[in-house]
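Chemist: Let me give you the structure first, and then I'll get to my questions.
Below, the structure is given as structure tokens:
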């Protein structure tokens, strides 16, 4: 929208969609839990990095919808959400998921642009 205002061409045809990006963390710094178990064993605070071929923040498809893995369990079930936080599925099996894209620092999602009413004639930036 800013590009249309800067260019001054408010009558240009819009695509109807835009890219939404969100930056994600790369690591969870606390590797072990604070309390040490009997036998001097330290319990890991992190789940395995890769579970059944999927990682945290991978872009996946489930029943025609695209989402990102926000939670992984060692049993092979995943929490799938969109970037705005809407949950697609709280616990879905890895067999029903299809990997679209590996994780990156910036997650990208295509969103639909809300319809703006057309401006009346002579009511632009320079009117």
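Residue numbers (this note's numbering): 12 to 138.
Note that beta-carbon positions come from the ideal geometry of N, C-alpha and C, so glycine has one too.
Roughly how many angstroms lie between the CA atoms of residue 81 and residue 92, to the nearest whole one?
Modeler: So the two alpha carbons sit approximately 7 Å from each other.
Chemist: Less than 7 Å between the beta carbons of residue 31 and residue 112, yes or no?
Modeler: The answer is no: Cβ separation not under 7 Å.
Chemist: Measure the alpha-carbon distance for residue 53 versus residue 85 and round it to whole angstroms.
Modeler: Answer to the nearest angstrom: the Cα atoms are 18 Å apart.
Chemist: Out of curiosity, what's the CA-to-CA distance linking residue 83 and residue 51?
Modeler: Each residue's Cα considered, the two are about 27 Å apart.
Chemist: For residue 98, collect the residues of the same chain with a Cβ closer than 6 Å to its Cβ; drop the 5 residues on either side in sequence, then sort them by chain order.
Modeler: 92.
Chemist: Going by DSSP, which residues form a beta bridge with residue 38?
Modeler: DSSP lists no partner for residue 38.
Chemist: Pick helix, strand or coil for residue 138, following the three-state DSSP scheme.
Modeler: Legend: pLDDT at residue 138 = 48, less than 50; position of this residue unreliable, value from coordinates given subsequently. Correct three-state label for residue 138: coil.
Chemist: Would you mind sorting residue 138 into buried or exposed? The rule is 16 or more other CB atoms within 10 Å of its CB.
Modeler: Note that residue 138 scores 48 on pLDDT, short of 50, meaning its location in the model is unreliable and no value can be drawn from it.
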